[in-house]
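Have a look at the structure below before the remarks.
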Amino acid sequence: MTKEKKPVNVNSVGVVKTEYFSFNELLLENGERFGPITLAYETYGILNKEKSNAILILHALSGDAHAAGIHENENITGWWDAFIGPGKAFDTDKYFVICSNILGGCKGSTGPASINPKTKKPYALDFPLISINDIVNAQKRLVDHLGIVKLLSVVGGSMGGHQVLAWLVNYSDSIRSAVPIATTIKHSPQQIAFNEVGRQSIMADVHWKSGNYYDGTVPSKGLAVARMIGHITYMSDKSMAEKFGRDKKEAGEPFKFTADFEVEGYLRYRGDNFVKRFDANSYLYITKAMDNFDASKGKPFQEALRGVKAKVLVIAFKSDWLYPAYQSKEIVKACKLAGIETTYCEVDSAYGHDAFLLEVEEESHLIRHFLKKVYYAYEVTGNYGE
Amino acid sequence: MENEDIRLDHRVILELIEPHSNVLDLGCGTGDLLYLLIKRKGVHGQGIEIDDRAIYKCVAKGLNVFHGDIDSGLAEFGDKSFDYVVLNQSMQQIIHVDKVIEDALRVGRRIVVGFPNFAHYKSRLQMFFQGKAPVTKALPYGWYETPNLHFFSISDFKDYCRSKKINIEKSTCIGPRRKALILPNLFAETGIFLIAK
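For the protein sequence lines, the chains are F and G, in the order given.
Mapping to the numbering used here: the first sequence position 19 is 92, numbers consecutive.
Mapping to the numbering used here: the second sequence position 191 is 376, numbers consecutive.
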């Protein structure tokens, strides 16, 4: 489609290192003061002298700070590696890209699994109930720490999109543009329902023990089932059919309810794998923050956006039934009414919600050109009245 | 771009639109007209387009576009939020033309419509001598593949405006290369109207 098109996973940012930023205290939305807080983050590319080329990438529910490249002696590429690197949508030859693990996470940032300095034990459920706004307020501290007054853009899909909207509402003067992808102003009952089933699954695991499992067996069955439910909602009927069909796995254990079908095996594999890298309490806290989030703060969203100068690019995906396009259109509608310069595209994809991670070509094209326009303050204006 | 390289209908619309105005282009396609208006007239432009491939081209031009259909895209705009609403070569493909024109007149101070004239003499000749649905430069599709839902002429459109008490502020009728000055309903391939209420 575009002449800049590049194959996926080449032009890597190479070997990267996670860094850490700590600060004493954050006033949470619920009025509580909480600290100390550490945020794990990674950066790619070089911050220019004017500090005008910084882009903050915001990860989704199970994401982390490792968005691109590889860690030394490890083989795992970052979760958005196809988009971040030299010549890619987030061109690290031009832009300085930051990605931090969220507050409440379990990949290096302070979360329920972190040690409470007062008790010298993991917080578990003593960890405060955090909100998307708290997560964003913590990110703002990191951005301040890096000396960046105005971000070129804030970009994220799914829960990353919630954070984008929170940035747009809370810190519109600190951003020049925003790209919410496959997201919503607030969760629908259906979205809350899926999250609640995930939480119930974790809490029903005997090993959960009201969150105090850190010195023993972790609630791996509960967390795995929560992840399996998640994966079902991330795919589309079509993408599942294409990926698995009704293919059966090789016959194995002599048990009636063994994973006969490929799709069963896949879900079990994804669930079991997730347990190795994710903390069950973090899953509870983060999904709750998503469900409680309402970017419009109870008012029509356009009122929350009044006066916003940032340019906005909204992206949705046709087969995404977890965050359906109508929710993105509600964002667009509010932007329209608030007089914000907005572009909206519903990408024709069969991948379901996962499309925001997989639909590299179309999504890259939209992001690349949008960023270019914002970066060069590029108005297509020129020689009037010649 | 030299003026001669610009499509004739785009040139006519360029003349109609005041510099630095607010323009909404309904069915903006790949954004050529909107791009021209922004570049030449310094307008503040917004497009609406249904085709995603066309949207990608608009985005590459740095335009602001909404992916959606015209029939449902207008309701959300406030009264008189645009100086001009442009419907160039898109009106004949809209399902509820009457509703869209009414909405466009609410949302914009003036509207610019450009459409193929079904009563152009070549169409008439084909109908008359061959007894076939016309296929011409301005109406290039076979009956089985045409995206056009409505077939109307310059005279039809004038009648419509009269019956709806819509003011025709300016009308330009163009042939393949130049403006059609005499008997436009016979010799013009395209009609371009500036209307207001």
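Where a beta carbon is used, it is the ideal one built from N, C-alpha and C, also for glycine.
Contacts of residue i in chain F (Cβ-Cβ under 7 Å)
| i | result |
| --- | --- |
| Asp254 (chain G) | Simply none; closest approach about 11 Å. |
| Phe378 (chain G) | What Phe378 (chain G) touches in chain F: nothing, since even the nearest Cβ is about 23 Å away. |
| Phe267 (chain G) | Within chain F, no residue comes near Phe267 (chain G); the closest Cβ sits about 11 Å away, beyond 7 Å. |
| Lys208 (chain G) | The sequence shown places Val at residue 208 (chain G), rather than the Lys named in the question. Chain F residues near Val208 (chain G): none, gap ~12 Å exceeds 7 Å. |
Minimum Cβ-Cβ distance from residue i to chain G less than 9 Å
| i | result |
| --- | --- |
| Val252 (chain F) | no |
| His304 (chain F) | no |
| Leu225 (chain F) | no |
| His442 (chain F) | yes |
| Asp421 (chain F) | yes |
| Lys445 (chain F) | yes |
| Glu92 (chain F) | no |
| Val86 (chain F) | no |
| Lys349 (chain F) | no |
| Lys382 (chain F) | no |
| Lys402 (chain F) | yes |
Closer than 9 Å to chain F by CB, residue i
| i | result |
| --- | --- |
| Phe372 (chain G) | no |
| Asn249 (chain G) | yes |
| Asp237 (chain G) | yes |
Which of helix, strand or coil DSSP assigns to residue i
| i | result |
| --- | --- |
| Gly376 (chain G) | strand |
| Ile191 (chain G) | coil |
| Ile130 (chain F) | strand |
| Tyr286 (chain F) | coil |
| Ile275 (chain F) | helix |
| Glu171 (chain F) | At residue 171 (chain F) the sequence reads Ile, which differs from the Glu that was named. Three-state result, Ile171 (chain F): strand. |
| Glu434 (chain F) | helix |
| Arg249 (chain F) | coil |
| Ser206 (chain G) | coil |
| Arg350 (chain F) | helix |
| Tyr117 (chain F) | strand |
| Ser371 (chain F) | For the record, residue 371 (chain F) in the displayed sequence is Gly; it is not Ser. DSSP places Gly371 (chain F) in coil when its eight states are reduced to three. |
| Asn268 (chain F) | helix |
| Pro80 (chain F) | Summary for Pro80 (chain F): the model assigns pLDDT 44, below 50, so the residue's position carries little reliability, and this model does not support an answer. |
| Val447 (chain F) | helix |
| Val88 (chain F) | strand |
| Phe342 (chain G) | helix |
| Gln311 (chain G) | helix |
| Ala389 (chain F) | strand |
| Phe317 (chain F) | helix |
| Val298 (chain G) | strand |
| Gly293 (chain G) | strand |
| Arg106 (chain F) | strand |
| Ile351 (chain G) | coil |
| Tyr93 (chain F) | strand |
| Ala304 (chain G) | coil |
Beta-carbon proximity list for residue i, same chain, < 7 Å, skipping 5 on both sides
| i | result |
| --- | --- |
| Thr290 (chain F) | His280 |
Same chain only: Cβ atoms within 6 Å of residue i, ignoring 5 sequence neighbours per side
| i | result |
| --- | --- |
| Lys384 (chain F) | Ser250, Glu414 and Val447 |
| Asp268 (chain G) | Ser206, Asn207 and Arg294 |
| His305 (chain G) | Glu374 |
| Ser312 (chain F) | Ala423, Tyr424 and Gly425 |
Chain F contact residues for residue i, given Cβ-Cβ distances below 8 Å
| i | result |
| --- | --- |
| Val128 (chain G) | Residue numbering for chain G in the displayed model covers 186 to 382; residue 128 (chain G) lies beyond these limits and cannot be assessed. |
| Glu261 (chain G) | Lys406, Lys409 and Leu410 |
Contacts of residue i in chain G (Cβ-Cβ under 9 Å)
| i | result |
| --- | --- |
| Glu432 (chain F) | Residues of chain G passing the Cβ test: none, with the nearest at roughly 12 Å. |
Interface partners of residue i on chain G, CB under 7 Å
| i | result |
| --- | --- |
| Tyr417 (chain F) | Phe251 and His252 |
| Glu436 (chain F) | Simply none; closest approach about 11 Å. |
| Glu414 (chain F) | Asn249 |
beta-carbon residue i near the ligand GTP non-hydrogen atom, thresh 8 Å
| i | result |
| --- | --- |
| Leu430 (chain F) | In the structure shown, the ligand GTP is absent, as is every other ligand, since no ligand is present at all. |
Beta-carbon neighbours of residue i, restricted to chain G and to distances below 8 Å
| i | result |
| --- | --- |
| Leu439 (chain F) | Tyr241 and Val244 |
Within chain F, the residues that residue i reaches when beta carbons sit closer than 9 Å
| i | result |
| --- | --- |
| Asp264 (chain G) | What Asp264 (chain G) touches in chain F: nothing, since even the nearest Cβ is about 12 Å away. |
Own chain residues within Cβ distance below 8 Å of residue i, not counting five before or after
| i | result |
| --- | --- |
| Thr150 (chain F) | Asn82, Ser85, Ala141, Gly142 and Ile143 |
| Pro195 (chain F) | Pro185, Ala186, Ser187, Ile188, Asn189 and Tyr287 |
| His281 (chain G) | Asp256 |
| Ser261 (chain F) | Gln400 |
| Leu238 (chain F) | Ala251, Pro253, Thr256, Ile258, Ala368 and Ile404 |
key: Ordered list of beta strand (DSSP E) runs contained in the region 214-280 of chain G, each at least 3 residues   = 229-234, 250-252 and 267-273
ask   = For the region 148-230 of chain F, which segments carrying the beta strand (DSSP E) assignment without a break, of at least 3 residues, lie completely within its bounds, in sequence order?
value = 169-173 and 226-230
Every unbroken alpha helix (DSSP H) within the region 395-436 of chain F, with a cutoff of 4 residues, ordered by chain = 398-410 and 428-431
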